[in-house]
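Single-structure report; data block below.
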Amino acid sequence: MIGLREISMFTGEGTERPWITDGRGYATDRRVLIEFEPVDGMDVGEPAALSSKVREIFGNAVITGEMAPVPFVAVPTCQKCRGRGIEPSGRCPECYGDGMVEWDSAYHTYQAECQTCEGSGIRGEGPCEKCAGKGMDTKSIRVKVGAADIAAKHIAKICQLPNARIMHPAEYTTQPVLFTFDGGRGVVMVLRAHV
Ligand SMILES: [Zn+2]
Ligand SMILES: [Zn+2]
4 MIGLREISMF TGEGTERPWI TDGRGYATDR RVLIEFEPVD GMDVGEPAAL SSKVREIFGN
64 AVITGEMAPV PFVAVPTCQK CRGRGIEPSG RCPECYGDGM VEWDSAYHTY QAECQTCEGS
124 GIRGEGPCEK CAGKGMDTKS IRVKVGAADI AAKHIAKICQ LPNARIMHPA EYTTQPVLFT
184 FDGGRGVVMV LRAHV
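Under our numbering, the very last position in the sequence shown is 198; numbers go up by exactly one each time.
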């Protein structure tokens, strides 16, 4: 059985909520779809656009290969912002990032805190450009699952489900791949091979 925390990993960016069809719960982030036993207190929304295709999606999932535990993957933190999701948006133009400004007089050099950046040397903070403020390096990291390539960020979520097992396809495929966990199942999209 999974709980609200696990379900919330697979809902969209606040736009879609889990839904119930024929007594089964569903959630999707549009790349991963899970089917599970509905949970008390679940915030249920309207069925997602693909709800009528759920049967077909599971029907098309790859089921030839070996069903084996999901590899553990932790998505690495973004190196640029060190996982904070925000970064300095630029060096202060007044002090060139020093945080201090200097004046020369005939006899002395005076130093004072830069007024523009209040001594920080940076002009402000904004979402990290590399990770779009997520704090995780989610781009271009793929995990080999049998003959399929799957984005590490998906596997990092799926491996947190209880007793998660995933089909390791025997051959290259572009079809979604089936996985199972205690109380439910799901499918995950695969990445196309590098050309
Ligand atoms: Zn970042
Ligand atoms: Zn400054």
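Think of the CB as a built atom: it goes at the ideal place given N, C-alpha and C, for glycine as much as any other residue.
Can you name, in chain order, every residue of its own chain whose Cβ lies under 7 Å from the Cβ of residue i, other than the five neighbours on each side?
i, result
"Ala51", "Glu19, Trp22 and Thr31"
"Met4", "Glu40, Asp185 and Gly186"
Is the CB-CB distance between residue i and residue j below 8 Å?
i, j, result
"Met139", "Thr80", "yes"
"Met170", "Ile66", "yes"
"Val180", "Ala151", "yes"
"Phe75", "Gly187", "no"
"Pro3", "Phe184", "In the structure displayed, the chain extends from 4 to 198; residue 3 sits before or after that span and is not available."
"Leu194", "Ala154", "yes"
"Glu49", "Gly149", "no"
For residue i, I'd like the list of residues in its chain whose CB is within less than 8 Å of its CB, leaving aside the five on either flank, ordered along the chain.
i, result
"Met103", "Gln114, Ala115, Glu116, Cys117 and Gly122"
"Leu53", "Thr31, Leu36 and Ile60"
"Ser92", "Ile125, Arg126, Gly127, Glu128 and Gly129"
"Pro96", "Thr119 and Arg126"
"Gly88", "Cys81, Pro130, Cys131, Cys134, Gly136, Lys137 and Gly138"
Please name the residue or residues paired with residue i in a DSSP beta bridge.
i, result
"Gln114", "Glu105"
"Gly68", "Pro172"
"Gly138", "Bridge partners of Gly138: none, in fact."
"Phe184", "Gly187"
Only counting the same chain, and skipping five residues up and downstream in sequence, which positions put a Cβ closer than 6 Å to that of residue i?
i, result
"Cys98", "Val104 and Cys117"
"Glu205", "No statement about residue 205 is possible, as the shown extent of the chain runs from 4 to 198 and does not include it."
"Asp46", "Arg20"
"Gly28", "Pro21, Phe39 and Pro41"
Can you list every residue whose CB sits closer than 5 Å to some heavy atom of ligand 2, going in chain order? Cys95, Glu97, Cys98, Cys117, Thr119 and Cys120
Near ligand 1, which residues have their beta-carbon less than 5 Å from any of its heavy atoms, given in chain order? Cys81, Lys83, Cys84, Cys131, Lys133 and Cys134
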